[in-house]
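Participant: Using our numbering, read the sequence shown as starting at 28 and increasing by one per residue. I'd like to ask some things about the structure below.
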Amino acid sequence: MSRFETKFAQLCASGRKALIPFVTAGDPSLEATVPVMHALVEAGADAIELGVAFSDPMADGPVIQRSSERALARGAGTDYVFDCVRRFRERDGDTPVVLMGYLNPVEIRGAARFAAEAVAAGVDGVLLVDLPPEEAADFQRPFNQAGLALVMLAAPTTSPERAAMLCANAQGYLYYVSYAGVTGADRLDTHEAGRRLQELRAASKVPVVAGFGIKDAASAAAMAADADGVVVGSALVSALADASGGDEAAARAKAFLAPLRQAIDNP
28 MSRFETKFAQ
38 LCASGRKALI
48 PFVTAGDPSL
58 EATVPVMHAL
68 VEAGADAIEL
78 GVAFSDPMAD
88 GPVIQRSSER
98 ALARGAGTDY
108 VFDCVRRFRE
118 RDGDTPVVLM
128 GYLNPVEIRG
138 AARFAAEAVA
148 AGVDGVLLVD
158 LPPEEAADFQ
168 RPFNQAGLAL
178 VMLAAPTTSP
188 ERAAMLCANA
198 QGYLYYVSYA
208 GVTGADRLDT
218 HEAGRRLQEL
228 RAASKVPVVA
238 GFGIKDAASA
248 AAMAADADGV
258 VVGSALVSAL
268 ADASGGDEAA
278 ARAKAFLAPL
288 RQAIDNP
């Protein structure tokens, strides 16, 4: 079984929902990324989305845009991201890690080489925000050969036909974008998102998690009611932004995530 399958089977057996934090690799500092990843797991993370900084993060709001700018200025490129995952795996062989970013770094490296190096480092999946599902086959083939899952995105604007295609082809989990907009906006409609999540979960062959607009324990618990898990990104990235070092960033990560874990497990 893959790390995804093992983790979600464990969650299902225990009647729990997945908590998946997002952090940008290289922010708030290069040395903080791996300690923060371990701290998130200690605070209850079931998987980690590790952002690959990109100069034109079109799906992201100002909080994650600025974190990408800071990470790029520090030199947090693809090699650095792979090295972070490799060092994380020295202590954690169980927690799934998904790289979240954009197509350009994959295209520069070549899909087959990117997938092989990612898997060798310990990456389980990749989520490419600007990869249309109709064009995913060219990437999915080399990813499948290497054992790298391609996590796909559905949104409120996704047509029923495209949603059916996503539900059939998604790997690892299907990421539902809770509202039409960029990350970090305050536009979450839990009732409408819950309705779409129920539809997707009924059709999807993999778990469906919800992201965008989840910023605290209350919103995490509300969205977890209709999803297999929730993703929290901008609020966590903001909480870490001005940490002075790796130890402080790790402490902040743990303090931020623990209440969300408690709220999801005890709604």
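Backbone N, C-alpha and C define an ideal beta-carbon position, used for all residues, glycine too.
For A299, I'd like the list of residues in its chain whose CB is within less than 8 Å of its CB, leaving aside the five on either flank, ordered along the chain.
Facilitator: The chain is shown only over 28 to 294; residue 299 falls outside these bounds and no answer can be derived.
Participant: Under 8 Å, do M192 and P159 count as touching if we go by C-beta distance?
Facilitator: Here residue 192 is taken as the residue at index 165 of the sequence shown, counted from 1. Here residue 159 is taken as the residue at index 132 of the sequence shown, counted from 1. No, these two residues do not count as a Cβ contact at 8 Å.
Participant: If we ignore side chains and look at the alpha-carbon of each, how far apart do G221 and T185 end up?
Facilitator: In the sequence shown, the residue the question calls residue 221 occupies position 194. In the sequence shown, the residue the question calls residue 185 occupies position 158. Those two C-alpha atoms are separated by around 15 Å.
Participant: Return the residue from the list A197, V146, L155 that minimises the CA-CA distance to G27.
Facilitator: Absent from the structure is residue 27, since the part of the chain shown begins at 28 and ends at 294.
Participant: Does the Cβ-Cβ distance between R223 and P286 come in under 8 Å?
Facilitator: Working through the sequence shown from its first residue, we reach residue 223 at position 196. Working through the sequence shown from its first residue, we reach residue 286 at position 259. It is not a contact, given that the beta carbons lie outside the stated cut-off.
Participant: Do you know whose CA, among G149, Q289, N293, lies nearest A72's CA?
Facilitator: On the sequence shown, residue 72 is found 45 positions in, with the first residue counted as 1. Taking only the C-alpha atoms, the option nearest A72 is Q289.
Participant: Taking the alpha-carbon of A147 as reference, which of D165, E162, N131, F170 has the nearest alpha-carbon?
Facilitator: On the sequence shown, residue 147 is found 120 positions in, with the first residue counted as 1. Nearest C-alpha to A147: F170.
Participant: In this structure, how does DSSP classify T105 when only helix, strand and coil are distinguished?
Facilitator: Residue numbering aside, residue 105 sits at position 78 when the sequence shown is read from its first letter. Residue state, collapsed to three classes: helix.
Participant: Who are the Cβ neighbours of F141 in its own chain at under 7 Å, not counting the five residues just before and after it?
Facilitator: The count along the sequence shown starts at 1 and reaches residue 141 at position 114. Once the five neighbours on either side are set aside, the close Cβ partners of F141 are V133.
Participant: Are there 16 or more other CB atoms within 10 angstroms of the CB of M298, so buried, or fewer, so exposed?
Facilitator: In the structure as shown, the chain begins at 28 and stops at 294. Residue 298 is therefore absent and cannot be evaluated.
Participant: Buried or exposed: where does T105 fall if 16 or more other Cβ atoms within 10 Å of its Cβ makes it buried?
Facilitator: The residue given as residue 105 occupies position 78 in the sequence shown. The residue is buried, with at least 16 neighbouring Cβ atoms inside 10 Å.
Participant: Closest to E162 by C-alpha separation, out of K44, Q172, M179, M64, would be which residue?
Facilitator: In the sequence shown, counting from the first residue as 1, residue 162 sits at position 135. When only C-alpha atoms are compared, the closest one is M179.
Participant: Candidates C194, R114, T217: which alpha carbon is nearest Y227's?
Facilitator: Numbered from 1 along the sequence shown, position 200 holds the residue referred to as residue 227. Here residue 227 turns out to be Leu, not Tyr, going by the sequence shown. The candidate whose alpha carbon is nearest that of L227 is C194.
Participant: Could you pull the start and end residues of the alpha helix (DSSP H) that F31 belongs to?
Facilitator: By 1-based counting over the sequence shown, the position of residue 31 is 4. Run containing F31: 30-41, per the alpha helix (DSSP H) assignment.
Participant: Spell out a yes or no on whether the stretch 228-236 and the stretch 265-282 are touching, meaning 3 or more CB-CB pairs, one atom from each, closer than 8 Å.
Facilitator: No: fewer than three Cβ pairs fall under 8 Å.
Participant: Smallest Cα separation from G260: which of A229, A247, T122, A254?
Facilitator: Walking along the sequence shown from the start, residue 260 turns up at place 233. Answer by Cα proximity: A247.
Participant: Going by the CB atoms, is the gap between L263 and F283 shorter than 8 Å?
Facilitator: Here residue 283 refers to the residue found at position 256 of the sequence shown. Here residue 263 refers to the residue found at position 236 of the sequence shown. Their beta carbons are under 8 Å apart, which means F283 touches L263 by this criterion.
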